[in-house]
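The next block holds one structure in the form of structure tokens; read it before the comments.
In my numbering, the protein residues as written are 5 to 471.
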């Protein structure tokens, strides 16, 4: 995607980007003052980091393998119990960096208001907030892709390619775009980047498939796992591709929709606010639409079609919607004052529609606090029950489906050592995963059997029989 926007002035010194990264890391670390915990997938990556460090990787259970998290979680495993918190810092800092790059891209295309609108719209999006808080990789994905776009526009093509590699190590949907960019870089530099591009291309199969072969004996385990979706997956809809489109539309806010319409009008009318930027904007839109199409095709062929897979293309559309708002504002300034007041009133009414998202954020904060307290109580409960070694000696462990890796981490065992069915001798980690949900797992299989309650703290109850 050749740049059609002049590069910005030099950033001053090499310290500027490092200061931005450092600020994001500090803010992410400060966020841990609130109750925090990783969710299912990140717990698995953290466990795999520990297992790789000990040369004992097992990936037969859990989510699909992703190489990029392991590049962090393996060294983090050196810090023992701090590893989950270190990962949360990286994941949340990645989300903050994504906001920075969204601001930079939109500002470059349509001014400071557009930059603020891009960052603000993403901050107000529940999926941005939730994924960052729970340590999912979508924030890092946004930082990698938007960072690659930003670096490309600045003429730093090797940096853009390196960030593209990060994206390709997170999601296979990024592979076609990364591959095309690598080929473009080879063409542009007449083969001088052959070592860089060739090395990056060669690393993908090694880092994606090598660990799966080691950990499960199955090169395609990640693909097989991705084709075992949850019951509410788009893959089970009457028309999976249409369901993906519906989920995409659900992620939009009214202001961004208004911005996309404004963007289209400004481009079609060839207004001066976006002069010379049409090809670049079209290229970004094409990337987003193509990415969505890839997800739709994969979902139609049995992959889960999780809404998280849509975050990256929708994020790009959010940036473009913000560009439309910025360009529209510039055009409004050219209108007579009477007409301007009317249009501004309509714009403010549209922006007010986003107020409903504050309610969503409030509900999510309550849920995240509950999950964070739950994790802290689990750690204390394990110690109260006698510690990991004692509980391991009691026999097989069982817990709720989405808590398996969290319990496995506390017991210092492979995830496949924690099941869903209660049995004796064994240990049951029973809990309410949400404030008003039923406790899991079911204890019906052991009703009437003699058991001991080893710990009862908060919503956790650890019980069983050591035989």
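For every residue, glycine included, the Cβ atom is placed at its ideal position computed from N, Cα and C.
All values reported here derive from a predicted model rather than from experimental measurement.
Every unbroken beta strand (DSSP E) inside the stretch 150–215 [3 residues or more]:
none
For residue 303, count neighbouring Cβ atoms within 10 angstroms of its own Cβ and tell me buried if that reaches 16, exposed if not.
Position 299 of the chain shown holds residue 303. Answer is buried; the Cβ neighbour count reaches 16.
Residues in its own chain within less than 7 Å of residue 417 by CB, not counting five upstream and five downstream?
Translated into the one-based positions of the chain shown, residue 417 becomes position 413. Here the set comprises 396.
Between the CA atoms of residue 270 and residue 339 - distance to the nearest angstrom:
The residue labelled residue 339 in the question sits at position 335 within the chain shown. The residue labelled residue 270 in the question sits at position 266 within the chain shown. Distance between the alpha carbons of residue 339 and residue 270 is about 14 Å.
Contact between the stretch 311–328 and the stretch 257–272 (3+ Cβ pairs under 8 Å):
yes
Can you give me the Cβ contacts of residue 73 inside the same chain, cut-off strictly under 7 Å, excluding the 5 residues immediately before and after it?
For the purposes of this step, residue 73 is identified with residue 69 of the chain shown, where counting begins at 1. 49 and 141.
Endpoints, alpha helix (DSSP H) assigned at residue 133:
Here residue 133 is taken as the residue at index 129 of the chain shown, counted from 1. 130–137 is the span of the alpha helix (DSSP H), which, as asked, contains residue 133.
Chain-order list of residues whose beta-carbon lies under 6 Å from that of residue 463 (same chain, five-residue window excluded):
Translated into the one-based positions of the chain shown, residue 463 becomes position 459. Excluding sequence neighbours, residue 463 sits near 435 and 436.
Contacting residues, own chain, Cβ-Cβ under 6 Å from residue 213 (five flanking each side not counted):
For the purposes of this step, residue 213 is identified with residue 209 of the chain shown, where counting begins at 1. Around residue 213: 223.
Length of the line joining the Cα atoms of residue 438 and residue 423
Mapped onto the chain shown, residue 438 falls at position 434. Mapped onto the chain shown, residue 423 falls at position 419. Rounded to the nearest angstrom, the two C-alpha atoms are 20 Å apart.
Could you give the first and the last residue of the continuous beta strand (DSSP E) run that contains residue 278?
Translated into positions along the chain shown, residue 278 becomes position 274. Segment: none, residue 278 is in no beta strand (DSSP E) and carries neither H nor E.
Give the single residue among 198, 97, 60 and 179 whose Cα lies nearest to the Cα of residue 216.
Indexing the chain shown from 1 puts residue 216 at position 212. Among 198, 97, 60 and 179, the Cα nearest to that of residue 216 belongs to 60.
Cβ of residue 136 within 8 Å of Cβ of residue 99?
For this step, residue 136 is matched to residue 132 along the chain shown. For this step, residue 99 is matched to residue 95 along the chain shown. Taking 8 Å as the Cβ cut-off, residue 136 and residue 99 qualify as a contacting pair.
What is the DSSP secondary structure of residue 451, counted as helix, strand or coil?
One-based indexing of the chain shown puts residue 451 at position 447. It is coil, neither helix nor strand.
DSSP state of residue 325, grouped into three classes?
Taking the first residue of the chain shown as 1, we reach residue 325 at position 321. Residue 325 falls in the helix class under three-state DSSP.
Member of 465, 315, 378 and 461 whose CA lies at the smallest distance from the CA of residue 129:
Locating residue 129 in the chain shown gives position 125, counting from the first residue. Answer by Cα proximity: 315.
What is the rounded straight-line gap between the Cα of residue 103 and the Cα of residue 404?
To locate residue 103, count along the chain shown from 1; it is residue 99. To locate residue 404, count along the chain shown from 1; it is residue 400. C-alpha separation (whole angstroms): 34 Å.
Just checking my contact of residue 189 with residue 197 at CB under 8 Å: how many whole Å lie between their CB atoms?
Your numbering for residue 189 matches position 185 in the chain shown. Your numbering for residue 197 matches position 193 in the chain shown. Indeed, because the Cβ distance is near 5 Å, the residues count as touching under 8 Å.
Pop quiz: residue 201 and residue 219 are said to be a contact at Cβ under 8 Å. What is the actual Cβ separation, rounded to whole angstroms?
Counting from 1 along the chain shown, the entry for residue 201 is found at position 197. Counting from 1 along the chain shown, the entry for residue 219 is found at position 215. That pair is no contact at about 28 Å.
Local Cβ density within 10 Å of residue 451, reported as buried at 16 or more and exposed below that
Translated into the one-based positions of the chain shown, residue 451 becomes position 447. Result: exposed.
Hey, out of 276, 420 and 86, whose CA is closest to residue 41's CA?
As a working note, residue 41 is residue 37 in the chain shown. When only C-alpha atoms are compared, the closest one is 86.
Going by the beta-carbon positions, is the gap between residue 411 and residue 433 smaller than 8 Å?
On the chain shown, residue 411 is found 407 positions in, with the first residue counted as 1. On the chain shown, residue 433 is found 429 positions in, with the first residue counted as 1. Yes, they are a contact pair.
Minimum C-alpha distance to residue 29 - residue among 110, 93 and 181
Indexing the chain shown from 1 puts residue 29 at position 25. Closest by alpha carbon: 93.
Identify every run of the alpha helix (DSSP H) within the stretch 388–441, keeping only runs that are complete inside it and at least 4 residues long; order them along the chain.
392–397 and 408–415
Tell me whether the beta-carbon of residue 144 lies closer than 8 Å to the beta-carbon of residue 71.
By one-based count along the chain shown, residue 144 stands at place 140. By one-based count along the chain shown, residue 71 stands at place 67. Contact flag unset, no.
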